[in-house]
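Asker: So the protein lines, in turn, are chains Z, X, L, G and U. Mapping of the first sequence onto numbering that gives the first Met the number 0: residues 0 to 303, in sequence order. Mapping of the second sequence onto numbering that gives the first Met the number 0: residues 0 to 303, in sequence order. Mapping of the third sequence onto numbering that gives the first Met the number 0: residues 0 to 303, in sequence order. Mapping of the fourth sequence onto numbering that gives the first Met the number 0: residues 0 to 303, in sequence order. Mapping of the fifth sequence onto numbering that gives the first Met the number 0: residues 0 to 303, in sequence order. By construction, the Cβ of each residue, glycine as well, lies at the ideal position given by its N, Cα and C atoms. In this text the structure is predicted, and so the values were computed from the model without any measurement.
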Amino acid sequence: MSDALAPWNATLSLAEHSIIVYALSVAGLALFAFFVKSLVSTNEVSGRYRAGVYAGMTITGIAFLSYVLLVVEFALGYERRGDSWVPNANAILSWAPRYFDWTVTVPLLVIELLAVATLAGAAARRLRAVGIAAAFLMISTGFIGGVAVDSGTNTGALWLWGVISGVFMVILYVLVIYVVVKGGRDLAGTPAAATLRNAGILLIVTWLAYPIIFGLQGWGHGGAVITWMQVVLSAADIVAKVGFGSMIHKIAKLRSAEDVRAGVDTLPEALWISSEKLSDGVLPGTVAVDDTALSGRGERRVRR
Amino acid sequence: MSDALAPWNATLSLAEHSIIVYALSVAGLALFAFFVKSLVSTNEVSGRYRAGVYAGMTITGIAFLSYVLLVVEFALGYERRGDSWVPNANAILSWAPRYFDWTVTVPLLVIELLAVATLAGAAARRLRAVGIAAAFLMISTGFIGGVAVDSGTNTGALWLWGVISGVFMVILYVLVIYVVVKGGRDLAGTPAAATLRNAGILLIVTWLAYPIIFGLQGWGHGGAVITWMQVVLSAADIVAKVGFGSMIHKIAKLRSAEDVRAGVDTLPEALWISSEKLSDGVLPGTVAVDDTALSGRGERRVRR
Amino acid sequence: MSDALAPWNATLSLAEHSIIVYALSVAGLALFAFFVKSLVSTNEVSGRYRAGVYAGMTITGIAFLSYVLLVVEFALGYERRGDSWVPNANAILSWAPRYFDWTVTVPLLVIELLAVATLAGAAARRLRAVGIAAAFLMISTGFIGGVAVDSGTNTGALWLWGVISGVFMVILYVLVIYVVVKGGRDLAGTPAAATLRNAGILLIVTWLAYPIIFGLQGWGHGGAVITWMQVVLSAADIVAKVGFGSMIHKIAKLRSAEDVRAGVDTLPEALWISSEKLSDGVLPGTVAVDDTALSGRGERRVRR
Amino acid sequence: MSDALAPWNATLSLAEHSIIVYALSVAGLALFAFFVKSLVSTNEVSGRYRAGVYAGMTITGIAFLSYVLLVVEFALGYERRGDSWVPNANAILSWAPRYFDWTVTVPLLVIELLAVATLAGAAARRLRAVGIAAAFLMISTGFIGGVAVDSGTNTGALWLWGVISGVFMVILYVLVIYVVVKGGRDLAGTPAAATLRNAGILLIVTWLAYPIIFGLQGWGHGGAVITWMQVVLSAADIVAKVGFGSMIHKIAKLRSAEDVRAGVDTLPEALWISSEKLSDGVLPGTVAVDDTALSGRGERRVRR
Amino acid sequence: MSDALAPWNATLSLAEHSIIVYALSVAGLALFAFFVKSLVSTNEVSGRYRAGVYAGMTITGIAFLSYVLLVVEFALGYERRGDSWVPNANAILSWAPRYFDWTVTVPLLVIELLAVATLAGAAARRLRAVGIAAAFLMISTGFIGGVAVDSGTNTGALWLWGVISGVFMVILYVLVIYVVVKGGRDLAGTPAAATLRNAGILLIVTWLAYPIIFGLQGWGHGGAVITWMQVVLSAADIVAKVGFGSMIHKIAKLRSAEDVRAGVDTLPEALWISSEKLSDGVLPGTVAVDDTALSGRGERRVRR
């Protein structure tokens, strides 16, 4: 079967080429910004919710690397001939790295959401295991149909694996909805509840873009189609990674502050959102060192 | 339509080529310095204003990446023939990445300004949303007319999209002026008021460079024109990102110190500007751990 | 002797090529995520167990660099001809860097395990020395037979050095089993015991993949064989480095919390796993500064 | 006018080529070491003097990037023919990046010196503004004559712009001497006074190398001349950036310790130089949280 | 004089080529691991000994960069012809960068050793100045004979500069022995004494490899010779940088703990080695803020 049908094998006009470079670069830079910001702001939430910040940080870090690769491969994968850009054998690599990224980042999105949700202990761990597995299988089966089999040009394989991938997507949707609904009930009356609901809606809506784009792959193949596909996916990645990550970070801050105010946890610095103070900084208690401490082996009692 | 009209398609003299490399490199290095400095100094302001430091950090980080790309593409985009540098098909990439950078950094500049301004809560969030949208649309519509349509050589498109972009610019100007005037009133009598006013003026004046350069694109196209365009934009980026960022950082320090002195917040280290002490270091209060703490599940009362 | 027998000299189909790039990239990104996360979370465990976090951090950092190299060399080592990818002289470099990585990371895995185990003092140091030596010799002798002699195509050398390498592997297995069994006894009744046992089992099972793949090298050489080899090793690296590292990190947290609760150590922030609190944050005691302190030479007594 | 006169257009012997690579690489690595060390040691001085550490960090970071560029361009700019290395059109880029670096780092050197000097408030800010302007103009005018006009081969332009640049250098010298003399008087009797004086002398002496090398550019042009120029400038950069930076860091530590001992500032860790203790660690006071703190809006009084 | 005599101009067999890549890569990765680990663990020793940790960090950082260069240049410097790898004009660059590294790292090794030794004040500074100078001169004179003069093929120059370099080596040996013997006496009875002695012996033995390899350069020149030279130097670099650095880090921890136990210094976290506690965490005293503190200008008394 020929490669000619794949969207990344369409010839691009100058404007289409410009717009794709623009979309890929802007997404890459936005992801970079969130990555660096997360890297230096892990201490603004308490340890209880910090896994959410770490997840957001690694998601955007990975996606940034993936977009660097996309930009480089897009530059190498098309050659200018007059007023057109003609794809070469590498053009598929300006598309496929999205799957590499998603295979790792979608499981991390599940971790990110659960880190600030209201499940705890074994229940949280069970749901997390299910979510990570579903997310991994959703992307890897999608990769088989969308890229691996006949370089993504086999419509039958596209549909078969698309359906299998879709089953795991349904599992993920159920999981996300369950977590958000439960969280909304458990956190009712706190500002975190509204943000959690919005984050859930954002995820559910944004994720719809991916199967639509996946399906489009089997249809039209002009330069305009691949241009739209790249622009929509770049925008979806910004929303699902940077926008969603910002919401998770906000929930983590709101819940950290709630814990500090309730005396459940301590945080040495005051928490603020939009110049409104959520909680004061509080230091933990001091240990009482007993007389044998200087020998380095003393037992200690907590002083209170 | 031919590319011949675009400024990046002018042949450069040796001196013009040298001066552009110089301008791009100096701007890149200055942005790098501010980025690294911000990365390690986030703890010098309190959490209330830290979003301003994060914004300055990510703005300069993104712009540094963009200038690395500009320098590399400028090296690849021109070929030496005798005493001239002749542009090739890549030359546009020594210009277009500025739009990639601005699309992310101008919205971040809005966040940076609002982080140290005097709006709070829903009002701050509303204004921020408007500002981010206006900034994004200002740059992306500018990109359509200035680069995407006919590679930026279509004077009609340049004017049409320039006007649309300009409308968003007016919205941004109104927003900045409103924030600065309100801040000046709210902070009246404090040193932060003067710095906020200066930062606002700096932004308003520097930003004028961008539409002027945008307009120039449709006019003259000798090597001298593109040289001036590159030099002015490099200088404007230094002023609007490093200079403005320094002012925002100063306001964040001044306001943090004011909060510490007023007992509204704590900061473990003393704040100084130009060897003058603004506030002493203050630790937060200590939590009182109750007797069940050792079991890891105890409720705690704040000791005071 | 010809290179033709080595698995990396098999011609790949398009799908095989895609799947190998996918496996290498996904492993690389997962390792990157764990590396960055470890880098910023070293303060979540007490100093006693932190060597385990450092080991996990450097293991994934090194493996990430190694996978970057594998991806680049895989791109350079095969050339597309029609619907096939034909290996060139560089193809061996899309395989050999695994040995460079393992030579450093397997000894570090020993350090990682011992850091959270229950051996202390001279006994710990002795076992660590033995384990590091066995791990280094296991990999370096494997490299001699699997890559260095006749570019890994000499079946006799493969078997000879494979057996020598296997002897060191047996030593490592004995060491791991001893540490895990002893740890299970010493920690009996704590949650750390179960996690330590699981981590040991995971290591023992995963490591079996490596000699199997090593042996396969002397057998079949179609594209399917090298594809399976690359996929299995990539998966094994994720499990043995990221999965195992997460378990070690969990043990380090559990044991840190146990120490804090027992008053043996302090940690300024509360420890949580899956939203369950393990220990409260506790500050250490304060030193009593005597009157000569201002001169900078005063002796001090610990205040308690 | 021909390029033949510029020093970077001389053919190099094998030994000259080796020595230049050696000088550039050693300088680059030394700058890297100071950069990384500064990056992680910013908390060893109090906030009052930390701008000096930041300046040293960014100066060496920028200069490291610049030397990476110099090494790469030196590799690309000369081609081996038998036992000689013959420059090509890129050879100027193994020289010109020094100006890119200096344009940013010399103003930062002014900030570095003033950060630990004894001026405060408006006087410090005024002097800093003058120093930054003079430093920027000194280098940028030097660049015009030394590189931009006729690729640095126009002896008339070299002299004209050299003299203009020299005027700004005189201003800088007066500034440095004023700051050092005033600092020597203000700090008389403290160890910081001697180090400040030595730092001033070191700067004044080292900076003399730059105009001498600048002047040499118009004279001799054999391989030996460019070799000496590269070696001397590399050495001068090490001394003026790493050596001077170490002195500034020492002054910052000495003055921080003095402030801690005098009760003007706090620093949580003891300061030591060469195993001699300068000051004990001191924590700041604790805020008294009033009863409304749990609501997150309470006013607080400092407890003392 | 021909280059044919230099060891880097010998043709390599496939196995020799593999082994050199292996040795260079393993050394590079081990150095990377130590660099990253040092970067995040600087707070585990007190400020008094931290210069030793910084030195170990920058030594391994620089050496890592150097090995990256060696690996890249080794890949570029040899070309495959049948079953051999034939050196080209760049082959010398897979050897010479070792000198760039050593010129900076050997002086840093002196700083590393002295940072944890028992000399203080002016005596320490004097010895450090002598050691840095001797180390720099030992390497730079070695570079002249071993690389610069006739590309290292002039046996007369090799011997002349080798002897000069050797004189500085003797000075370094005397210095190291003096420091270790004096340290052994001053620290007698503490665990730090034994580790310091071992570190000294390790340095003295490992350094012997370098002059031996240097001398070999003038003798045999087959592929086996350069292979051994590269392997031995890679191993020596691991031992002298990572092994020695680990010992210095251990001494720094042991002495920090001793200082904390003796009340000479404070460290907020407990120190442990191999699961044995060396010292408890201790906070410094709190400053007493007087009534004028809120104005930001108050004098303070230390509260005790």
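With C-beta atoms as the reference, is Leu-253 of chain X less than 8 Å away from Ala-187 of chain X?
Answerer: Here the question's residue 253 of chain X lines up with position 254 in the second sequence. Here the question's residue 187 of chain X lines up with position 188 in the second sequence. Not a contact, by the Cβ cut-off of 8 Å.
Asker: When you compare the CB of Tyr-77 of chain U with every CB in chain L, is at least one pair closer than 8 Å?
Answerer: Within the fifth sequence, numbered from 1, the residue matching residue 77 of chain U stands at position 78. It does not; no Cβ of chain L falls within 8 Å.
Asker: Please tell me whether Asp-279 of chain G has its Cβ less than 8 Å away from any Cβ of chain U.
Answerer: Translated into the one-based positions of the fourth sequence, residue 279 of chain G becomes position 280. Yes, Asp-279 of chain G lies at the interface with chain U (some Cβ there is under 8 Å from its Cβ).
Asker: In the DSSP output, what is Thr-205 of chain G paired with across the bridge?
Answerer: What you label residue 205 of chain G is simply residue 206 of the fourth sequence in a count that begins at 1. Answer by DSSP bridge pairing: none, since Thr-205 of chain G is not bridged.
Asker: So Glu-118 of chain G and Val-178 of chain G are supposed to be a Cβ contact under 8 Å. How far apart are they, rounded?
Answerer: The residue given as residue 118 of chain G occupies position 119 in the fourth sequence. The residue given as residue 178 of chain G occupies position 179 in the fourth sequence. This sequence places Leu at residue 118 of chain G; Glu is not what is there. Going by Cβ atoms, the distance from Leu-118 of chain G to Val-178 of chain G rounds to 7 Å, so yes, they are a contact pair.
Asker: Any contact of the segment 235-254 of chain G with the segment 232-248 of chain X, i.e. 3+ C-beta pairs under 8 Å?
Answerer: Touching, no.
Asker: Considering only residues of the segment 81-118 of chain U, which uninterrupted alpha helix (DSSP H) runs meet the minimum length of 4 residues and lie entirely inside it, listed in chain order?
Answerer: Qualifying alpha helix (DSSP H) stretches, in chain order: 96-114.
Asker: Just the Cα atoms here: how many angstroms apart are Leu-96 of chain G and Pro-6 of chain G?
Answerer: Sequence index remark: in the fourth sequence, residue 96 of chain G carries index 97 (1-based). Sequence index remark: in the fourth sequence, residue 6 of chain G carries index 7 (1-based). Per the sequence shown, residue 96 of chain G should be read as Pro rather than Leu. Going by the C-alpha atoms only, they are around 15 Å apart.
Asker: Let me make sure I understand the geometry here. Which of Z:Val-39, Z:Phe-33, Z:Val-263 has the alpha-carbon closest to that of Leu-277 of chain L?
Answerer: Here residue 277 of chain L refers to the residue found at position 278 of the third sequence. Measuring from the Cα of Leu-277 of chain L, the nearest candidate turns out to be Z:Val-263.
Asker: Spatial neighbours of Lys-181 of chain G within its chain, please: C-beta separation below 8 Å, excluding the five flanking residues on both sides.
Answerer: Residue mapping note: residue 181 of chain G aligns to position 182 of the fourth sequence, counting from 1. Contacts found: Ala-116, Thr-117, Leu-118.
Asker: Span of the beta strand (DSSP E) holding Leu-277 of chain G?
Answerer: On the fourth sequence, position 278 is the one that residue 277 of chain G refers to. Note, Leu-277 of chain G: beta strand (DSSP E), 275-278.
Asker: Do the segment 49-60 of chain Z and the segment 25-36 of chain Z touch if we need at least three Cβ pairs shorter than 8 Å?
Answerer: Yes, the segment 49-60 of chain Z is in contact with the segment 25-36 of chain Z.
Asker: Going by CA-CA distance only, name the one from G:Leu-171, G:Asn-153, G:Asp-100, G:His-220 that's closest to Leu-126 of chain G.
Answerer: Within the fourth sequence, numbered from 1, the residue matching residue 126 of chain G stands at position 127. Comparing Cα-Cα distances from Leu-126 of chain G to each of G:Leu-171, G:Asn-153, G:Asp-100, G:His-220, the minimum goes to G:Leu-171.
Asker: Skipping 5 residues on each side, what residues in its chain have a beta carbon closer than 7 Å to that of Asp-2 of chain Z?
Answerer: One-based indexing of the first sequence puts residue 2 of chain Z at position 3. For Asp-2 of chain Z, the predicted structure reports a pLDDT of 45, less than 50, and the residue's modelled location is therefore unreliable. A value from the coordinates is still provided. Closer than 7 Å at the Cβ level, and outside the excluded window around Asp-2 of chain Z, lie Asn-8, Ser-150, Thr-152.
Asker: Relative to the alpha-carbon of Gly-55 of chain L, which residue among L:Ser-273, L:Glu-78, L:Leu-107, L:Leu-69 has its alpha-carbon at the smallest distance?
Answerer: Stepping through the third sequence from its first residue, residue 55 of chain L is reached at position 56. When only C-alpha atoms are compared, the closest one is L:Leu-107.
Asker: Let me know the alpha helix (DSSP H) ranges lying completely inside the segment 213-264 of chain Z, each 4 residues or longer, listed in chain order.
Answerer: Listed in chain order, the complete alpha helix (DSSP H) runs (minimum 4 residues) inside the segment 213-264 of chain Z are 222-236, 243-260.
Asker: With the cut-off set at 8 Å, would you say Val-173 of chain L and Ala-134 of chain L are in Cβ contact?
Answerer: Here residue 173 of chain L corresponds to residue number 174 of the third sequence, with the count starting at 1. Here residue 134 of chain L corresponds to residue number 135 of the third sequence, with the count starting at 1. No, the Cβ-Cβ distance between Val-173 of chain L and Ala-134 of chain L is not below 8 Å.
Asker: Between the segment 69-88 of chain Z and the segment 138-148 of chain Z, are three or more C-beta pairs nearer than 8 Å?
Answerer: With the cut-off at 8 Å, the segment 69-88 of chain Z and the segment 138-148 of chain Z do not touch.
Asker: I want to verify the contact list: residues of chain X whose CB lies under 8 Å from the CB of Leu-107 of chain G, in sequence order.
Answerer: Translated into positions along the fourth sequence, residue 107 of chain G becomes position 108. Simply Ala-32.
Asker: Are any of the Cβ atoms in chain U nearer than 8 Å to that of Ala-147 of chain L?
Answerer: Within the third sequence, residue 147 of chain L is the residue found at index 148, counting from 1. Answer yes: the Cβ-Cβ gap between Ala-147 of chain L and chain U drops below 8 Å somewhere.
Asker: Report the start-end ranges of each alpha helix (DSSP H) in the segment 116-167 of chain Z that is 4 residues or longer and not cut off at the edges.
Answerer: As far as the segment 116-167 of chain Z is concerned, its whole alpha helix (DSSP H) runs of at least 4 residues are 120-142.
Asker: Which whole-angstrom value is the C-beta distance of Asp-185 of chain U and Arg-47 of chain U, which I expect to be below 8 Å?
Answerer: On the fifth sequence, position 186 is the one that residue 185 of chain U refers to. On the fifth sequence, position 48 is the one that residue 47 of chain U refers to. That belief does not hold up - the Cβ atoms of Asp-185 of chain U and Arg-47 of chain U are roughly 14 Å apart, past 8 Å.
Asker: Tell me, please, whether the CB atom of Leu-293 of chain X is closer than 8 Å to any CB atom in chain G?
Answerer: Here residue 293 of chain X refers to the residue found at position 294 of the second sequence. At Leu-293 of chain X the pLDDT is 42, less than 50, meaning the model places this residue with poor confidence; the figure from the coordinates comes in the next sentence. No, no contact with chain G.
Asker: Going by DSSP, name the residue or residues bridged to Ile-272 of chain L.
Answerer: On the third sequence, position 273 is the one that residue 272 of chain L refers to. Answer is L:Glu-275.
Asker: In angstroms with no decimal places, state the Cα-to-Cα distance between Val-286 of chain L and Leu-282 of chain U.
Answerer: Reading the third sequence from its first residue, position 287 is the one you call residue 286 of chain L. Reading the fifth sequence from its first residue, position 283 is the one you call residue 282 of chain U. Distance between the alpha carbons of Val-286 of chain L and Leu-282 of chain U is about 6 Å.
Asker: Decide yes or no for the touch test of the segment 37-51 of chain L against the segment 37-46 of chain Z: beta carbon pairs closer than 8 Å, at least 3 of them.
Answerer: Touching, per the Cβ criterion.
Asker: Determine which residues of the segment 43-67 of chain L have a Cβ less than 7 Å from any Cβ of chain Z, and write them out in chain order.
Answerer: Per Cβ criterion, the list reads Glu-43.
Asker: I want to verify the contact list: residues of chain L whose CB lies under 8 Å from the CB of Ser-40 of chain U, in sequence order.
Answerer: As a first step, residue 40 of chain U is located in the fifth sequence; it is residue number 41 there, counting from the start. The contacting residues are Thr-41, Arg-49, Tyr-53.
Asker: Let me make sure I understand the geometry here. Which of L:Ala-208, L:Asp-236, L:Gly-222, L:Val-230 has the alpha-carbon closest to that of Ser-65 of chain L?
Answerer: The count along the third sequence starts at 1 and reaches residue 65 of chain L at position 66. The shortest Cα separation from Ser-65 of chain L among L:Ala-208, L:Asp-236, L:Gly-222, L:Val-230 belongs to L:Asp-236.
Asker: On the CB-based measure, 16 or more other CB atoms within 10 Å of its CB, does Gly-81 of chain G come out buried or exposed?
Answerer: As a position in the fourth sequence, residue 81 of chain G is number 82, starting the count at 1. Classification for Gly-81 of chain G: exposed.
Asker: Closest by CA to Glu-72 of chain Z, which one among Z:Trp-160, Z:Glu-43, Z:Leu-23?
Answerer: Your numbering for residue 72 of chain Z matches position 73 in the first sequence. Closest option to Glu-72 of chain Z, Cα to Cα, is Z:Leu-23.
Asker: What residues in its chain sit with their C-beta under 7 Å from that of Val-103 of chain U, if we drop five residues either side in the sequence?
Answerer: Here residue 103 of chain U refers to the residue found at position 104 of the fifth sequence. So the qualifying residues of the chain are Ile-61.
Asker: Answer with yes or no whether the minimum CB distance from Thr-285 of chain L to chain Z is below 8 Å.
Answerer: Within the third sequence, numbered from 1, the residue matching residue 285 of chain L stands at position 286. At least one chain Z Cβ lies under 8 Å of Thr-285 of chain L.
Asker: Along the chain, where does the alpha helix (DSSP H) containing Glu-43 of chain G start, and where does it finish?
Answerer: Working through the fourth sequence from its first residue, we reach residue 43 of chain G at position 44. Looking at the DSSP string, Glu-43 of chain G is not in any alpha helix (DSSP H), and its letter there is neither H nor E.
Asker: Suppose the cutoff is 7 Å on Cβ atoms and the five residues either side in sequence are ignored; what does the same chain contact list for Val-175 of chain U look like?
Answerer: Counting from one through the fifth sequence, the residue named residue 175 of chain U turns up at place 176. Correct list, in chain order: Leu-112, Gly-199, Leu-202, Ile-203.
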